[in-house]
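Trainee: Residues in the sequence shown are numbered from 1450 upward in steps of one, following the working numbering.
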Amino acid sequence: MQKHRITKLTRGLRLALAVGAVAATSTPAVFAQEGADNTEVIEIRVIRASQKENINTKRFSDSVVDAITAEDIGKFPDKNVAESPSRIPGITIDRDFGEGQGVTIRGVQPDQNLTLLNGQAVGTAQWFVLSDATRNFNFEILASEMVAGLEVYKSSQADLDEGALGGTVILRTRKPLDLDANTSQVSIEGQYSDNAETTDPSLSGLYSWKNDDGTFGLLVSASFQQRTVQRETNEDFGWFGPSIPRIDPRSAQR
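As structure tokens, then:
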């Protein structure tokens, strides 16, 4: 039988090794904690989900269609919804006093295109008293906060209403069940006119609420826009004075 004797020297060595092992394991944790306080955090935000949805809408559609989601509309510095589709190839907008009013698809004027709001046709009136009644949809009445997305169909298909020569624009508004409870968004803007020398306000807001079960919701949206327009022009709408007698040049030569 072998006997092992533990002397004071071996006990001291074992104790020193144990203390050194504990210090070695605890030191990186202390350094990591100190480094975490001094670390600079870089946060990157992207709109990958919206881009993926736009690509899938165009890929799996049976017709030529382009889509823009709410993140794209909110991302662009647009004054109204009409200016967002102008970034789609083949689409331009008609401006009225600097703001987008109508959408031209493949060179076809807005009167010959069809715009639907949640699948329903909406008629709008023009501010000018002498303007003729048309099918043109005035995009100025919609604020960008209210629209969840839009789709532009450049070719017809069976489930779309007829009557569009250039294309069909479908606007889809936000739904309260798709948003978080008590979601609110407010936009305040002012515009200065050089000719009128006045500053006009523009306000728009949105509030959405839903219950805890997500079965019932309410969404309210309102917009207010005031513009002071001053034009310095000479216009002639007709002549109502006495008629000028006609002179025959042949009789004057005689």
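Virtual Cβ for every residue (Gly too), placed ideally from N, Cα, C.
Considering only residues of the same chain and omitting the five flanking positions on each side of L1565, which have a CB-CB separation below 6 Å?
Mentor: I1619
Trainee: Measure how close the beta-carbons of A1613 and N1567 come, nearest whole angstrom, since I'm counting them as under 8 Å.
Mentor: Not really, about 17 Å apart at Cβ, beyond 8 Å.
Trainee: Under the rule that 16 or more other beta-carbon atoms within 10 Å means buried, what is E1483, buried or exposed?
Mentor: Confidence in E1483 is poor, its pLDDT being 48 and thus under 50, which makes the residue's placement too unreliable to answer from.
Trainee: Write down the C-beta distance between A1676 and D1643 rounded to the nearest angstrom, noting that I regard them as a contact closer than 8 Å.
Mentor: First, the residue type needs correcting, since residue 1676 is Arg and not Ala in the sequence shown. The C-beta separation of R1676 from D1643 comes to about 13 Å, leaving the pair out of contact by the 8 Å criterion.
Trainee: Work out the CA separation of Y1641 and A1570 for me, nearest whole Å.
Mentor: 34 Å
Trainee: My guess is that T1617 and Y1602 are in contact by the Cβ rule of under 8 Å, so how many angstroms apart are they, rounded?
Mentor: 4 Å
Trainee: Counting C-beta neighbours from all protein chains within 10 Å, is the total for A1645 16 or more, i.e. buried, or is it exposed?
Mentor: exposed
Trainee: Using a Cβ-Cβ cut-off of 6 Å (strictly less than) and excluding sequence neighbours within five positions of N1411, which residues of its own chain qualify?
Mentor: The question about residue 1411 has no answer, for the chain in this structure spans 1450 to 1703.
Trainee: What is the DSSP secondary structure of D1627, counted as helix, strand or coil?
Mentor: Under the three-state reduction of DSSP output, D1627 falls in the helix class.
Trainee: Output the distance between the C-alpha atoms of D1627 and F1509, rounded to the nearest integer angstrom.
Mentor: 23 Å
Trainee: Pick out whichever of L1599, V1678, S1670, S1604 has its Cα sitting closest to the Cα of T1632.
Mentor: S1670
Trainee: When the Cα atoms are used, what is the spatial distance from K1507 to I1637?
Mentor: 34 Å
Trainee: For D1560, which of helix, strand or coil comes out of DSSP?
Mentor: If DSSP states are grouped into helix, strand and coil, D1560 belongs with the helices.
Trainee: Do you know how far the Cα of L1668 is from the Cα of D1521?
Mentor: Unreliable positioning characterises D1521 in this predicted model, as indicated by a pLDDT of 47, which lies under 50. The coordinate reading is nonetheless provided below. For D1521 and L1668, the gap between their C-alpha atoms comes out near 21 Å.
Trainee: So, E1600 versus V1514, is the Cβ gap smaller than 8 Å?
Mentor: For E1600 and V1514, yes; Cβs fall inside 8 Å.
Trainee: To the nearest angstrom, how far is it from the Cα of D1629 to the Cα of N1660?
Mentor: 10 Å
Trainee: How many Å lie between S1653 and M1595 at the Cα?
Mentor: 9 Å
Trainee: Measure the Cβ-Cβ separation of S1672 and A1607 and say whether it is below 8 Å.
Mentor: no
Trainee: Compute the beta-carbon to beta-carbon distance between G1598 and A1519, rounded to the nearest angstrom, for a pair I have assumed lies under 8 Å.
Mentor: 6 Å
Trainee: Classify G1549 as buried or exposed, calling it buried when 16 or more other Cβ atoms lie within 10 Å of its own Cβ.
Mentor: Burial call: buried.
Trainee: Considering Cα atoms alone, identify which of I1540, R1544, D1545 is closest to G1556.
Mentor: I1540
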